[in-house]
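A.B. asks: Handing you this structure, nothing more for now.
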Amino acid sequence: MTQVQKMLVFVGSYAEANTSGVYTYEFDEKEGKLSLLDQTSDLKNPTFLNVDVENRHIYAIGETKTESGKAGEVMMIQFSEEGTLTRFNRTITTPNTTCHVQRDSENRFLIVSSYHGGMAGLVSLKADGHVGELLDVAAHQSVDGATPRVHSVFFSPDEKFLLVQDLGLDLIRTYSLDREAGKLIPQGDTHAAKGAGPRHLAFHASGKFAFVINELNSTIASYRYDAENGSLSEIEVVPTLPSDYTGENGCSEITVSADGRFVYGGNRGHDSIVVYAFDEASEKLTLVEHVSTEGGHPRHFALTPSGDHALVANRDANNIVVFKVDKATGRLTSTGNSVSVSKPVCVRPYYI
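Residues 341 to 692 (the numbering used here) make up the sequence shown, in order.
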């Protein structure tokens, strides 16, 4: 008899420090249902999480205050197989609040993004997984009156480079990582359209392509990725919205199916997920559908590790909605299942 893998789902949210902000759910793939296991407080606005499944560590960003004003911090939280959360150490990171965190595969570094500070911060990790110290800060400078707004940083597939999405400067800046010195070294810029607002990036399974969702002009840009120098070359830009939609919108998350055949983007305002099919041979995106997220302001969503479901965090509806994924067509169908959670903004499913 085949043993069913256990899937835990970790959720970050907007929250005050004295209320729950990080949650653990178990996801039943057969029933398509989420069940709350545990929750923890003591973090203000833990809006993004990075999960080290092997060592059972969660790295949650948060907001704190210092003598000079608001600052970002990261807390390491341990989780058990039963989903129980235990808070461990915390470290102040950038001298402004953060909105995103990633980790290298060797568990040596975290990289945090500060939207309001216009910077990326490189943070060390200790051998036991505890958060270390801030090693380096890459602070972007204003250009022609435009204010830098660093929204996310992602490692390249081989982790030689870091790609920084700067919504304010309308560019993606590539850095190499000097691992011995703990330094971020600028390599070059890829410019988006003026007013596009690059927010998040997702790599194709082949490592040859990257897709960036532009928050401000509601588009997805596809790029060829050069692994030698970490540069991007634009292929095309497609809309995330139906042509007849005239309301306000701001894009959120982007992800690519494990087989690289489908690209998914979130619309806040239209409150939908746009689905595109990607043909690797022609390098073209073809619209599949727009699907209602069944709630306002879908801040984040994720495909489950099996690829059979999508979990959508609707911040303003205070819910996480479960969708079934047709892996042959890429289409999403609501299961009718959801859970209520206060202001969810990050959802991270993993087999343990």
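Even glycine gets a Cβ: it sits at the ideal position worked out from N, Cα and C.
1) Under three-state DSSP, which class holds ASN654?
2) Just the C-alpha distance for LYS405 and LYS624, rounded to the nearest angstrom, thanks.
3) Pick out whichever of PHE367, GLY605, PHE551 has its Cα sitting closest to the Cα of SER562.
4) Return the CA-CA distance between SER492 and ALA460, expressed in angstroms with no decimal places.
5) With a cut-off of 8 Å on the beta carbons, I'd call ARG601 and VAL628 a contact; round off their distance for me.
6) Please classify LEU374: does DSSP put it in a helix, a strand, or coil?
7) Please report how far the alpha carbon of GLY528 lies from the alpha carbon of LEU517, in whole angstroms.
8) Cutting at 7 Å between CB atoms, please list the residues of its own chain near THR658, excluding the five before and the five after it.
9) If you check the beta carbons only, do THR431 and ILE417 fall under 8 Å apart?
10) Quick one: what's got a C-beta closer than 7 Å to ASN589's C-beta in the same chain, skipping five residues either side?
11) Does the pairing of the region 499-515 with the region 529-545 give three or more beta-carbon distances under 8 Å?
12) For ILE553, which option in GLU446, VAL504, ALA598 has the closest C-alpha, if you only look at C-alpha atoms?
13) What are the boundary residues of the beta strand (DSSP E) that THR359 is part of?
14) Drop a sphere of 10 angstroms on the beta-carbon of TYR691, count the other beta-carbons inside from all chains shown, and report buried for 16 or more, exposed for fewer.
15) Within this structure, are the beta carbons of VAL603 and TYR585 separated by less than 8 Å?
16) Note down the Cα distance separating PRO488 from LYS370, rounded to an integer number of angstroms.
17) Taking the CB atoms as reference points, tell me whether THR438 and SER420 lie closer together than 8 Å.
18) Would you please state the rounded distance, in angstroms, between the beta carbons of SER482 and GLY472? I believe it to be under 8 Å.
19) In terms of DSSP beta bridges, what is ASP296 paired with?
20) Pull up the distance between the alpha-carbon of VAL662 and that of GLY485, whole angstroms please.
21) How far does the beta strand (DSSP E) with ASN677 in it extend, from its first residue to its last?
22) Measure the CB-CB distance between LEU507 and ALA478 and report whether it falls below 8 Å.
23) Whose C-alpha, out of SER583, ILE560, LEU474, ASN677, is nearest the C-alpha of GLU576?
24) Please look up how many angstroms separate the CB atoms of GLU413 and THR387, rounded, as I've assumed it's under 8 Å.
25) Would you list the residues sitting across from ILE660 in a DSSP beta bridge?
C.D. replies: According to the data block:
1) When secondary structure is reduced to three states using DSSP, ASN654 falls in the strand class.
2) Rounded to the nearest angstrom, the gap between the Cα atoms of LYS405 and LYS624 is 46 Å.
3) Closest by alpha carbon: PHE551.
4) In this structure, the straight-line span from the alpha carbon of SER492 to that of ALA460 is close to 8 Å.
5) About 10 Å separates the two Cβ atoms, so there is no contact after all.
6) Here LEU374 sits in strand by DSSP.
7) GLY528 and LEU517 have their C-alpha atoms spaced approximately 13 Å apart.
8) The displayed chain sequence assigns Asn, not Thr, to residue 658. Counting only Cβ-Cβ distances below 7 Å, and skipping sequence neighbours, we find SER680, VAL681, SER682, LYS683.
9) The Cβ atoms of THR431 and ILE417 lie no closer than 8 Å to each other.
10) SER558, LEU581, ASN607, ARG608, GLY609, HIS610.
11) By the criterion of at least three beta-carbon pairs nearer than 8 Å, the region 499-515 is in contact with the region 529-545.
12) Looking at the Cα atoms, VAL504 is the closest of the given residues.
13) Counting along the chain, no beta strand (DSSP E) covers THR359, and no H or E run does either.
14) So TYR691 ends up on the exposed side.
15) For the pair VAL603 and TYR585, the CB atoms are not nearer than the 8 Å cut-off.
16) Linking PRO488 to LYS370 through their CA atoms gives a straight-line distance of about 45 Å.
17) The answer is no: Cβ separation not under 8 Å.
18) Going by Cβ atoms, the distance from SER482 to GLY472 rounds to 31 Å, so no, they are not a contact pair.
19) Past the boundaries of the shown model lies residue 296; the chain is included only from 341 to 692, so the question cannot be answered.
20) When rounded, the distance between both Cα atoms is 42 Å.
21) Per DSSP, the continuous beta strand (DSSP E) segment holding ASN677 begins and ends at 672-680.
22) No, Cβ-Cβ distance for LEU507 and ALA478 is not below 8 Å.
23) Closest in C-alpha terms to GLU576, from the list SER583, ILE560, LEU474, ASN677, comes ILE560.
24) Contact check for GLU413 and THR387: beta-carbon distance about 12 Å, past the 8 Å limit, so the pair fails to qualify.
25) Paired residue(s): ALA653, VAL679.
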